[in-house]
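Here the structure comes first, spelled out in structure tokens, and everything after it is commentary.
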Amino acid sequence: MQSLEKTLVLASALLALPASAETLTLEQAVERARERSPEVQLAARVVDEADATRVGAGVFLPTNPRIFADYRPLVIELPGSPVDPRNGYNVGINGDIEVSGAGFARVEEANRRVEVARAELDWERRRAAARAWVAYIDVLLSDQRVERIQEALAVQKRVADAARERVSAGVAGEPEMTTVQVEVASAERDLIEAQRLQQTARLELTNVLDAEPGTVWELKATALEPSAAPSEQELVERALENRPELAVVKARLALLETMESRLAREGFPKLGLNLGLDVAPASPGFLYAGLALELPVQRNQGPQAVARAQQETEKARLQAQLRRVAREVAVARRSYEARRQQVAVLATQALPSARRTQELIEQGWRAGRFDVFRLTTAARDVLRLEREQIETLSAAWSDWVELQRASGGLNK
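Here it is, written out as structure tokens:
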């Protein structure tokens with residue numbers, strides 16, 4: 059009993075220990091999403107389903123051969139006719155054979171189905187990679203948001219301590235102290251909200267990577283400033299070559315073409331074979347063989363018409379996709395470059411100036427040259443610009459992922 063209690067205590071202690079953090083780089087996150095995302099796993103199962111259609115596709119017998127037999131006893135005897143043997147029988151086999159090569163067409167159609175499934179799997183992997191990019195960057199930015207607000211809160215608390223000293227010394231009144239306390243409370247509220255967003259971002263990353271809910275991630279720092287995009291012409295050329303949507307439409311079009319060919323071959327008249335042994339009563343036995351030709355009344359006219367109409371639909375879809383490529387690349391690139399400029403302005407001009415202004419005003423406030431309201435306004439400006447910088451960085455990375463999608467990137 060005591061050993062059981064010790065075991066339970068030890069197990070409880072082990073469960074109470076915090077989970078060790080799992081180191082994760084951006085490249086690892088993208089690769090893991092491409093392989094383990096739930097959507098990717100389902101798409102991989104669809105590939106297996108398509109591959110299963112190859113089994114038995116090349117059989118040249120449209121139906122199973124049929125074996126038949128009948129028994130023929132001698133019932134009526136004719137005068138002067140032999141009566142031996144008195145019992146007869148007929149045994150034979152018949153069946154249809156496709157001579158049009160429909161079996162080869164079915165094999166080709168099954169191969170095309172696999173190609174469509176694989177193209178859709180590649181498309182799903184790229185979408186999973188895009189989700190991993192966004193989720194990973196969101197976690198980094200949420201961590202940075204928490205750090206910035208913690209710094210702002212530290213400044214507000216430092217100002218509150220100074221205001222308390224000024225009130226104690228009689229050089230400031232209670233309104234100054236209450237004003238500073240309001241700013242501290244506001245910063246604490248912002249910190250709680252930032253921590254909530256931080257947890258949400260980490261849970262989203264866990265969901266994208268299909269990891270256990272309690273997984274703790276230790277992310278490797280990466281450059282958060284997006285780099286310049288290639289030229290528009292280069293991006294368009296890459297998109298025409300690598301866009302997964304185009305590959306899927308082309309694969310579907312090839313599948314419909316082979317489907318129409320298969321339907322036409324299956325509608326070709328089939329050849330029937332008949333082999334047997336006939337032993338009639340009071341007669342000699344003999345072997346026989348025969349041929350039959352199917353009349354081409356039903357030739358899959360309806361399914362062939364549907365397949366041709368579907369081909370025209372896919373051709374129209376392909377042309378629409380091709381026309382859309384250049385427009386989507388242009389819009390995504392211009393939006394991304396505009397975001398980059400906004401990030402640069404905030405990082406190199408707005409934030410440094412606001413922080414310097416806050417430092418100078420705080421020094422002046424401590425010296426009695428400025429009131430506390432001017433100081434709190436400067437602190438709010440810094441916090442507002444830092445928040446705008448985080449949001450603009452997040453938008454820039456979202457635009458970067460959209461640019462990669464539009465130009466056929468995220469394939470590694």
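To get our numbering, take the position in the sequence shown, counting from 1, and add 58.
Positions of the beta carbon are idealized from the N, C-alpha and C atoms, including for glycine.
Which residues mark the beginning and the end of the alpha helix (DSSP H) in which residue i is found?
i, result
"residue 162", "160-227"
"residue 251", "232-266"
"residue 426", "First-last for residue 426: undefined, no H or E at that position."
"residue 113", "Run containing residue 113: none; DSSP gives neither H nor E here."
"residue 283", "Unbroken run through residue 283: none, as it is neither H nor E."
"residue 297", "290-300"
Using the beta-carbon count (16 or more within 10 Å), is residue i buried or exposed?
i, result
"residue 346", "exposed"
"residue 187", "buried"
"residue 164", "buried"
"residue 463", "buried"
"residue 251", "exposed"
"residue 302", "buried"
"residue 335", "exposed"
"residue 119", "exposed"
"residue 351", "exposed"
"residue 171", "buried"
"residue 142", "exposed"
"residue 442", "exposed"
"residue 399", "exposed"
"residue 401", "buried"
"residue 69", "Any reading at residue 69 is ruled out, since the residue's pLDDT is 41, under 50, leaving its predicted position unreliable."
"residue 207", "buried"
"residue 328", "buried"
"residue 316", "buried"
"residue 314", "buried"
"residue 465", "buried"
"residue 231", "exposed"
"residue 274", "exposed"
"residue 83", "exposed"
"residue 227", "exposed"
Let me know the secondary structure DSSP gives residue i once reduced to three states.
i, result
"residue 80", "strand"
"residue 347", "strand"
"residue 454", "helix"
"residue 356", "coil"
"residue 326", "coil"
"residue 340", "coil"
"residue 269", "coil"
"residue 439", "helix"
"residue 65", "Any reading at residue 65 must be qualified, since the residue scores a pLDDT of 43, below 50, and its modelled position is unreliable; no value is offered."
"residue 386", "helix"
"residue 120", "coil"
"residue 89", "helix"
"residue 410", "helix"
"residue 137", "coil"
"residue 142", "coil"
"residue 321", "helix"
"residue 95", "coil"
"residue 418", "helix"
"residue 468", "coil"
"residue 399", "helix"
Since residue i contacts residue j with CB under 8 Å, what's their CB separation in whole angstroms?
i, j, result
"residue 330", "residue 354", "Not confirmed; about 14 Å, so no contact."
"residue 383", "residue 297", "5 Å"
"residue 428", "residue 419", "5 Å"
"residue 287", "residue 394", "6 Å"
"residue 200", "residue 263", "Going by Cβ atoms, the distance from residue 200 to residue 263 rounds to 10 Å, so no, they are not a contact pair."
"residue 240", "residue 183", "With a Cβ gap of about 51 Å, residue 240 and residue 183 do not count as contacting."
"residue 388", "residue 290", "6 Å"
"residue 339", "residue 132", "4 Å"
"residue 404", "residue 371", "That pair is no contact at about 47 Å."
"residue 452", "residue 323", "Between residue 323 and residue 452 the Cβ distance is about 56 Å, and since that is not below 8 Å, they are no contact."
"residue 276", "residue 81", "5 Å"
"residue 397", "residue 454", "4 Å"
"residue 101", "residue 179", "4 Å"
In terms of residue numbering, what span does the beta strand (DSSP E) encompassing residue i cover?
i, result
"residue 126", "124-131"
"residue 149", "145-155"
"residue 329", "329-337"
Provide the residue(s) that pair with residue i in DSSP beta bridges, ordered along the chain.
i, result
"residue 275", "80"
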